[in-house]
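Asks: Note that the numbering used here numbers the sequence shown so that position 277 is 289, with each residue one more than the last. Positions of the beta carbon are idealized from the N, C-alpha and C atoms, including for glycine. Keep in mind it's a predicted model, so treat the numbers as computed, not measured.
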Amino acid sequence: MAYIGPEVVTEIHGQFTKQTLTPNGAKTTFTLDNEVASASSIRVVYGGVPQEPGLAYTVAGNTITFTFVPNTGIILYVIYLNDKVPIGVPGDGTITEAKLDTNAVLRGGYIHGLQLGNNVTNPTNDIDIGIGECVSEDGTTNMVLSSALIKQINATWLAGTNQGGFPSGLTGGLVQDDTWYHIFVIKDTNSGVVDVGFDASLTATNLLNTSTYDKYRRIGSVRRETASNNQFFQIGNRFMYDTPISDLNGVPPTTRTLQTISVPTGINVEADITYYVRVTDNGEHYCLIYNPLLADTPPSQSLHTMSARDFSSIDMDHSNKLLVTTDTSSRIAERVSGTINNRRIICHGYIDNRGQL
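#1: Check for me: the beta strand (DSSP E) holding Asn-261 runs from which residue to which?
#2: Whole angstroms is fine: what's the gap from Thr-255's alpha carbon to Pro-310's?
#3: Would you give the residue range spanned by the alpha helix (DSSP H) that Leu-220 belongs to?
#4: Helix, strand or coil, according to DSSP, for His-25 in the structure here?
#5: How about Phe-80 and Ala-72: are their beta carbons less than 9 Å apart?
#6: For the beta strand (DSSP E) holding Ile-231, just list the boundary residues, first then last.
#7: Return yes when the Cβ of Gly-367 is within less than 9 Å of the Cβ of Phe-251, no when it is not.
#8: Put Tyr-15 into one of helix, strand or coil per three-state DSSP.
#9: Would you kindly check if the distance between the Cβ of Lys-163 and the Cβ of Thr-370 is under 9 Å?
#10: Could you say if the segment 343–355 and the segment 230–242 meet the contact criterion of at least three C-beta pairs nearer than 8 Å?
#11: Once you ignore the five residues that flank Thr-317 on each side, which residues in its own chain have a CB closer than 6 Å to its CB?
#12: Could you tell me which residues DSSP puts in a beta bridge with Lys-333?
#13: Need the endpoints of the beta strand (DSSP E) that Thr-191 sits in, please.
#14: Take Ser-158 as the anchor and find which of Thr-238, Thr-173, Ala-167, Ile-165 has the nearest alpha-carbon.
#15: Considering only the alpha carbon of each residue, which of Asn-218, Ala-239, Ile-141 lies closest to Gly-184?
#16: Name the one or two DSSP bridge partners that Gly-209 has.
#17: Are the segment 186–198 and the segment 232–247 in contact at 8 Å, needing three or more beta carbon pairs?
#18: Which one of Ala-167, Val-291, Ile-141 has the shortest CA to CA distance from Val-208?
#19: Span of the beta strand (DSSP E) holding His-360?
#20: Under three-state DSSP, which class holds Ser-52?
#21: Measure how close the beta-carbons of Asn-303 and Val-336 come, nearest whole angstrom, since I'm counting them as under 8 Å.
#22: In angstroms, rounded to a whole number, what distance separates the CA positions of Gly-60 and Asn-74?
#23: Buried or exposed: which applies to Leu-161, given that a residue is buried once 16 or more other Cβ atoms fall within 10 Å of its Cβ?
#24: Can you have a look at Gln-63 and say buried or exposed, based on whether 16 or more other CB atoms are within 10 angstroms of its CB?
#25: Identify the residues that DSSP records as bridge partners of Arg-343: which are they?
#26: Take Thr-238 and list the residues in its own chain whose beta-carbon comes closer than 8 Å to its own, dropping the five residues that flank it on each side.
#27: Looking at the secondary structure, which residues open and close the beta strand (DSSP E) in which Ile-91 lies?
#28: Please report the distance separating the alpha-carbon of Leu-305 from that of Phe-245.
#29: I need the straight-line Cα distance from Val-132 to Cys-146, nearest angstrom please.
#30: Going by beta carbon distance, what residues of the same chain come within less than 8 Å of Thr-277, once the five residues before and after it are set aside?
#31: Roughly how many whole angstroms lie between the Cα atoms of Leu-369 and Tyr-287?
#32: Roughly how many angstroms separate the alpha carbons of Ser-258 and Ser-312, rounded to a whole number?
#33: So, under 8 Å CB-CB, Ile-370 and Ser-223 are touching, yes? Tell me the CB distance rounded to an integer number of Å.
#34: Which of the three DSSP states, helix, strand or coil, is assigned to Thr-338?
#35: Between which two residues does the beta strand (DSSP E) containing Gly-66 stretch?
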């Protein structure tokens with residue numbers, strides 16, 4: 013006849029570990045063989061009577077302390093209810109940022125959000141800064157801007173939104189025309205307060221001296237034109253001008269020449285330009301527009317940014333959209349072959365990695 017009833021258990025569970033303690037009628041503290049998480053992780057039996065965790069005894073690591081003195085000759089033992097569980101070390105690259113504590117230091121160069129733009133109400137002087145977070149320039153401190161701010165470049169720095177952002181110690185506290193200013197997130201590590209301000213210094217020296225803030229991170233730049241901020245918008249690391257700027261117009265050089273473009277100073281960016289030329293002869297001409305850090309090389313059929321040819325006596329126009337890395341003086345290198353009647357360089361904006369690694 014088939015067996016009727018509960019399934020037969022074929023597994024045998026291991027027994028709990030037991031440790032006997034030896035009272036001497038004087039001491040109340042004993043050393044356990046294993047560290048335990050809490051008093052409830054063990055069962056203590058004294059003279060055949062289970063003891064109440066936290067009331068009859070407490071545990072700290074591998075030390076058990078009784079609230080009474082166990083008598084000599086009374087059987088006293090401990091049963092470990094839970095074995096130690098090895099936590100292990102997570103593998104490299106296995107923990108995502110979503111699992112990190114808000115105060116955990118993020119990777120060096122990290123930046124998210126903190127988008128910039130001209131304020132709609134006062135685009136002449138005010139800059140909008142969106143919420144976001146970044147790591148300080150020295151890579152030691154998280155800086156979280158939890159509320160959007162509006163900072164005024166034409167007023168002395170004060171904490172908070174709709175307040176000034178210009179350091180009092182820079183050029184007498186007066187913003188200068190035709191000057192690039194860098195925009196910084198700053199943090200007071202004593203109070204934890206995060207704010208934003210402007211400075212001509214890449215290390216926010218004047219801004220930090222104006223306030224009690226001690227950490228900084230550059231998040232962008234803005235050019236002060238004649239009594240007004242240049243109008244721009246930002247998408248990620250790309251900064252685009254509302255109105256493209258015509259930087260150069262004339263006969264291009266046949267020898268290497270460094271040309272200044274309307275992009276921030278003090279940093280390397282990728283200038284977003286249109287390069288336009290006009291030729292009138294029947295020859296083929298080569299243009300080379302490149303990073304000033306590269307060696308000077310004559311443009312040729314095998315090495316050029318753009319070629320231009322006039323196939324008739326009618327003037328021929330040629331143009332190309334380029335991304336060119338600048339030096340820290342906002343310059344690109346230019347050189348052409350042959351005679352080109354005219355060329356224009358128009359700047360649409362630039363790409364700024366804002367310290368990302």
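Replies: In brief:
#1: Locating residue 261 in the sequence shown gives position 249, counting from the first residue. 250–262 is the extent of the beta strand (DSSP E) around Asn-261.
#2: As a position in the sequence shown, residue 255 is number 243, starting the count at 1. As a position in the sequence shown, residue 310 is number 298, starting the count at 1. Spanning the two alpha carbons is a distance of roughly 33 Å.
#3: Locating residue 220 in the sequence shown gives position 208, counting from the first residue. Run containing Leu-220: 217–222, per the alpha helix (DSSP H) assignment.
#4: Taking the sequence shown and counting its residues from 1, the one referred to as residue 25 is at position 13. Annotation note: pLDDT 44 at His-25 (below 50); position unreliable, coordinate value reported separately. For His-25, the secondary structure class from DSSP, reduced to helix, strand or coil, is coil.
#5: Here residue 80 corresponds to residue number 68 of the sequence shown, with the count starting at 1. Here residue 72 corresponds to residue number 60 of the sequence shown, with the count starting at 1. Taking 9 Å as the Cβ cut-off, Phe-80 and Ala-72 do not qualify as a contacting pair.
#6: For this step, residue 231 is matched to residue 219 along the sequence shown. If you look at Ile-231, you'll find it in the beta strand (DSSP E) that goes 227–236.
#7: Walking along the sequence shown from the start, residue 251 turns up at place 239. Walking along the sequence shown from the start, residue 367 turns up at place 355. Their beta carbons are not under 9 Å apart, which means Phe-251 does not touch Gly-367 by this criterion.
#8: Position 3 of the sequence shown holds residue 15. Reliability fails at Tyr-15, whose pLDDT of 48 lies under 50, so the model's placement of it is uncertain and no value is given.
#9: Since the displayed the chain opens at 13 and closes at 369, residue 370 lies outside it and no answer follows.
#10: In short, these stretches do not touch, since the Cβ pair count stays below three.
#11: The residue labelled residue 317 in the question sits at position 305 within the sequence shown. Cβ neighbours of Thr-317 within its own chain (closer than 6 Å, five residues either side excluded): Cys-299, Leu-300, Ile-301.
#12: For this step, residue 333 is matched to residue 321 along the sequence shown. Answer by DSSP bridge pairing, in chain order: Thr-286.
#13: Position 179 of the sequence shown, counted from the start, is the residue given in the question as residue 191. Note, Thr-191: beta strand (DSSP E), 191–199.
#14: As a first step, residue 158 is located in the sequence shown; it is residue number 146 there, counting from the start. Of Thr-238, Thr-173, Ala-167, Ile-165, the smallest CA-CA separation from Ser-158 is found for Thr-173.
#15: Reading the sequence shown from its first residue, position 172 is the one you call residue 184. Among Asn-218, Ala-239, Ile-141, the Cα nearest to that of Gly-184 belongs to Asn-218.
#16: For the purposes of this step, residue 209 is identified with residue 197 of the sequence shown, where counting begins at 1. BP columns for Gly-209 point to Phe-196.
#17: Contact between the segment 186–198 and the segment 232–247 is present, because at least three Cβ pairs lie under 8 Å.
#18: Within the sequence shown, numbered from 1, the residue matching residue 208 stands at position 196. When each option's Cα is compared against that of Val-208, the closest is Ile-141.
#19: For the purposes of this step, residue 360 is taken as the residue at position 348 of the sequence shown. Note, His-360: beta strand (DSSP E), 354–363.
#20: As a first step, residue 52 is located in the sequence shown; it is residue number 40 there, counting from the start. Secondary structure of Ser-52 (DSSP, three-state): helix.
#21: Position 291 of the sequence shown, counting from 1, holds the residue named residue 303. Position 324 of the sequence shown, counting from 1, holds the residue named residue 336. Confirmed, about 7 Å.
#22: Sequence index remark: in the sequence shown, residue 60 carries index 48 (1-based). Sequence index remark: in the sequence shown, residue 74 carries index 62 (1-based). Rounded to the nearest angstrom, the two C-alpha atoms are 23 Å apart.
#23: The sequence position of residue 161 within the sequence shown is 149, counting from 1. So Leu-161 ends up on the buried side.
#24: By 1-based counting over the sequence shown, the position of residue 63 is 51. Buried, since its Cβ has 16 or more Cβ neighbours within 10 Å.
#25: Numbered from 1 along the sequence shown, position 331 holds the residue referred to as residue 343. Residue pairing by DSSP puts Arg-343 in a beta bridge opposite Thr-272.
#26: Within the sequence shown, residue 238 is the residue found at index 226, counting from 1. For Thr-238, where only same-chain residues beyond five positions count, the Cβ hits under 8 Å are Asp-189, Asp-190.
#27: Taking the first residue of the sequence shown as 1, we reach residue 91 at position 79. Its beta strand (DSSP E) spans residues 88–92.
#28: For the purposes of this step, residue 305 is identified with residue 293 of the sequence shown, where counting begins at 1. For the purposes of this step, residue 245 is identified with residue 233 of the sequence shown, where counting begins at 1. Rounded to the nearest angstrom, the two C-alpha atoms are 29 Å apart.
#29: The residue given as residue 132 occupies position 120 in the sequence shown. The residue given as residue 146 occupies position 134 in the sequence shown. For Val-132 and Cys-146, the gap between their C-alpha atoms comes out near 25 Å.
#30: Here the question's residue 277 lines up with position 265 in the sequence shown. Hits under 8 Å: Trp-192, Thr-340, Ser-341, Ser-342.
#31: By one-based count along the sequence shown, residue 369 stands at place 357. By one-based count along the sequence shown, residue 287 stands at place 275. It is roughly 30 Å from the alpha-carbon of Leu-369 to the alpha-carbon of Tyr-287.
#32: To locate residue 258, count along the sequence shown from 1; it is residue 246. To locate residue 312, count along the sequence shown from 1; it is residue 300. Distance from the CA of Ser-258 to the CA of Ser-312, rounded to the nearest whole angstrom, comes to 27 Å.
#33: Outside the shown range of the chain, which is 13 to 369, sits residue 370, and nothing can be said about it.
#34: Counted from its first residue, the sequence shown places residue 338 at position 326. Note: Thr-338 maps to coil in three-state DSSP.
#35: Start at 1 with the first residue of the sequence shown, and residue 66 comes out as number 54. In the DSSP assignment, Gly-66 falls outside any beta strand (DSSP E), carrying neither H nor E.
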